[in-house]
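S.K.: Residue numbering for the sequence shown follows the numbering used here, beginning at 15 and increasing consecutively. Even for Gly, the Cβ is constructed at its ideal location relative to N, Cα and C. Just so it is clear, the structure is predicted and the values come from calculations on it, not from any experiment.
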Amino acid sequence: MAARSEVASPVVAVPPARGNQIVIPQFPDRKLISMQSAFNFLTEEQQKQVEQAVVDAEGKTSCEIVPVVATSSGRYDRPEDVVGLWLTVITGLGFWYFFPRVQGQAGDWGGLPVVVELILAALAMVIAFILGAIAGSRIGWLRRLFTPRQQMQDEVAARAREIFFDKRVHHTEGGTGVLIYISLFEHVAVALADQSVIDKLGQSFIDQICQKLTAGLHSGKASETICEVIREIGDQAAILLPRASDDKNELQDALVLID
């Protein structure tokens, strides 16, 4: 999809952050059943490599780079309802098919009372709905199947802007914050930067960063790609936004993981 600019919330009196989002078409899942957690996405060694890349990049530029990996960016209730409803219908039909109600014959006093059968059928369907709702919330591919793609993209964009402010990326003294946001469930990556960074490096550079991030994640080289993108930001920003002699590290040089 075409890259697009994101504008930070106008409620906060700071220059708007801009960036773009790229959809990752076939993000390789390591866990096909349960959703992949941000805490298991990278090994401890890979996390240290990413953090070191941030330290090295910020050592030559005034930019404050914050990489974030999130398990999911939205609640997405719809899959729970849809899967629960379908499983309820299937259970009801199965109950009717396998346990048909037959008229009693002469000399036959077997079978359950109608009230008991209705109670059992209702109980079975309630249990089916609960199990379906649990499956819809915990099975990644099933949850993704019943969630509109546009909704996921909107949720990721909104969550990225929220984190841009919550993690104080926009509060740097020179307005030089850069956020690299990866949302695993949605398979979407977002790059956001303060206006001063956009003015110096250009929107096309942010687009390029997202394209490179997308290609690397798509190929399964997550840690290498994140480190490479951070280094590229540092190299480019070192020319146009060099680190001053009295520059101080305003944000922690860490990989932020959100489960």
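Would you mind giving the Cβ-Cβ distance between residue 64 and residue 265, rounded to the nearest angstrom? I have them listed as a contact below 8 angstroms.
M.R.: Your numbering for residue 64 matches position 50 in the sequence shown. Your numbering for residue 265 matches position 251 in the sequence shown. That pair is no contact at about 14 angstroms.
S.K.: Is residue 56 helix, strand or coil by DSSP?
M.R.: Counted from its first residue, the sequence shown places residue 56 at position 42. Correct three-state label for residue 56: coil.
S.K.: Below 8 angstroms CB to CB, which residues in the same chain sit around residue 243 once its five sequence neighbours on both sides are set aside?
M.R.: Stepping through the sequence shown from its first residue, residue 243 is reached at position 229. Closer than 8 angstroms at Cβ, skipping near neighbours: 194, 223, 226, 227 and 230.
S.K.: On the DSSP letters alone, give me the boundaries of the beta strand (DSSP E) that residue 108 sits inside.
M.R.: Against the sequence shown, residue 108 aligns to sequence position 94. Note, residue 108: premise wrong, no beta strand (DSSP E); alpha helix (DSSP H) at 92-112.
S.K.: Using only CA atoms, which one of 57, 110, 62 and 161 lies nearest to residue 131?
M.R.: Sequence index remark: in the sequence shown, residue 131 carries index 117 (1-based). Of 57, 110, 62 and 161, the residue nearest in Cα terms is 110.
S.K.: I think residue 183 touches residue 78, with their Cβ atoms under 8 angstroms apart; what is that distance to the nearest whole Å?
M.R.: Locating residue 183 in the sequence shown gives position 169, counting from the first residue. Locating residue 78 in the sequence shown gives position 64, counting from the first residue. Contact holds; Cβ gap of about 7 angstroms.
S.K.: With a Cβ-Cβ cutoff of 7 angstroms, do residue 160 and residue 93 count as a contact?
M.R.: Taking the sequence shown and counting its residues from 1, one reaches residue 160 at position 146. Taking the sequence shown and counting its residues from 1, one reaches residue 93 at position 79. In contact: residue 160 and residue 93 (Cβ atoms closer than 7 angstroms).
S.K.: Among all the DSSP beta bridges, which residues are the ones paired with residue 197?
M.R.: For the purposes of this step, residue 197 is taken as residue 183 along the sequence shown, with counting starting at 1. DSSP output for residue 197 lists 84 and 202 as bridge partner(s).
S.K.: What's the C-alpha gap between residue 62 and residue 143?
M.R.: Within the sequence shown, the letter at position 48 stands for residue 62. Within the sequence shown, the letter at position 129 stands for residue 143. Approximately 43 angstroms between the Cα atoms of the pair.
S.K.: Would you mind stating whether residue 75 and residue 255 have Cβ atoms separated by less than 7 angstroms?
M.R.: Working through the sequence shown from its first residue, we reach residue 75 at position 61. Working through the sequence shown from its first residue, we reach residue 255 at position 241. The answer is yes: Cβ separation under 7 angstroms.
S.K.: Within its chain, find whatever has a CB closer than 6 angstroms to the CB of residue 102; leave out the 5 residues flanking it on each side and keep chain order.
M.R.: Taking the first residue of the sequence shown as position 1, residue 102 is located at position 88. Around residue 102: 139, 142 and 143.
S.K.: Quick one, are the C-beta atoms of residue 157 and residue 87 less than 7 angstroms apart?
M.R.: Taking the sequence shown and counting its residues from 1, one reaches residue 157 at position 143. Taking the sequence shown and counting its residues from 1, one reaches residue 87 at position 73. Not closer than 7 angstroms, so no.
S.K.: I'd like the list of long-range same chain contacts for residue 149, defined as Cβ closer than 7 angstroms, with 5 residues on each side in sequence excluded.
M.R.: If you number the sequence shown from 1, residue 149 lands on position 135. Closer than 7 angstroms at the Cβ level, and outside the excluded window around residue 149, lie 97 and 156.
S.K.: If we count the other Cβ atoms within 10 Å of its Cβ and call it buried at 16 or more, is residue 175 buried or exposed?
M.R.: By 1-based counting over the sequence shown, the position of residue 175 is 161. With 16 or more other Cβ atoms within 10 Å, it is buried.
S.K.: Starting from residue 78, follow its DSSP beta bridges and name the residues at the other end.
M.R.: Here residue 78 refers to the residue found at position 64 of the sequence shown. Answer is 191.
S.K.: Among residues of its own chain, excluding the 5 on either side of residue 135, which ones have a beta-carbon nearer than 6 angstroms to its beta-carbon?
M.R.: As a position in the sequence shown, residue 135 is number 121, starting the count at 1. Same-chain partners within the cutoff: 109.
S.K.: Measure the Cβ-Cβ separation of residue 84 and residue 197 and say whether it is below 7 angstroms.
M.R.: As a first step, residue 84 is located in the sequence shown; it is residue number 70 there, counting from the start. As a first step, residue 197 is located in the sequence shown; it is residue number 183 there, counting from the start. Cβ distance < 7 angstroms, so residue 84 and residue 197 count as in contact.
S.K.: For a test of the three-state rule: what should DSSP assign to residue 207, helix, strand or coil?
M.R.: Against the sequence shown, residue 207 aligns to sequence position 193. Note: residue 207 maps to strand in three-state DSSP.
S.K.: Could you check what DSSP says for residue 145 in three-state terms: helix, strand or coil?
M.R.: For the purposes of this step, residue 145 is identified with residue 131 of the sequence shown, where counting begins at 1. Here residue 145 sits in helix by DSSP.
S.K.: Using the C-alpha atoms, what's the distance from residue 113 back to residue 106?
M.R.: As a working mapping, residue 106 is identified with position 92 in the sequence shown. As a working mapping, residue 113 is identified with position 99 in the sequence shown. Taking the straight line joining both Cα atoms gives about 10 angstroms.
S.K.: May I ask which residues mark the beginning and end of the alpha helix (DSSP H) holding residue 156?
M.R.: The residue labelled residue 156 in the question sits at position 142 within the sequence shown. That run of the alpha helix (DSSP H) goes 154-159.
S.K.: Report all residues from its chain with a CB closer than 7 angstroms to the CB of residue 258; omit the five preceding and five following residues, and keep chain order.
M.R.: Mapped onto the sequence shown, residue 258 falls at position 244. Cβ within range, chain order: 76.
S.K.: Less than 7 angstroms between the beta carbons of residue 177 and residue 82, yes or no?
M.R.: For the purposes of this step, residue 177 is identified with residue 163 of the sequence shown, where counting begins at 1. For the purposes of this step, residue 82 is identified with residue 68 of the sequence shown, where counting begins at 1. In contact: residue 177 and residue 82 (Cβ atoms closer than 7 angstroms).
S.K.: Alpha carbon to alpha carbon, how far is residue 250 from residue 71?
M.R.: Looking up residue 250 in the sequence shown gives position 236. Looking up residue 71 in the sequence shown gives position 57. The alpha-carbon atoms of residue 250 and residue 71 are separated by roughly 10 angstroms.
S.K.: Take residue 261 and list the residues in its own chain whose beta-carbon comes closer than 8 angstroms to its own, dropping the five residues that flank it on each side.
M.R.: Sequence index remark: in the sequence shown, residue 261 carries index 247 (1-based). Result list for residue 261: 76, in chain order.
S.K.: Alpha carbon to alpha carbon, how far is residue 168 from residue 99?
M.R.: In the sequence shown, the residue the question calls residue 168 occupies position 154. In the sequence shown, the residue the question calls residue 99 occupies position 85. Computed Cα separation, rounded: 26 angstroms.
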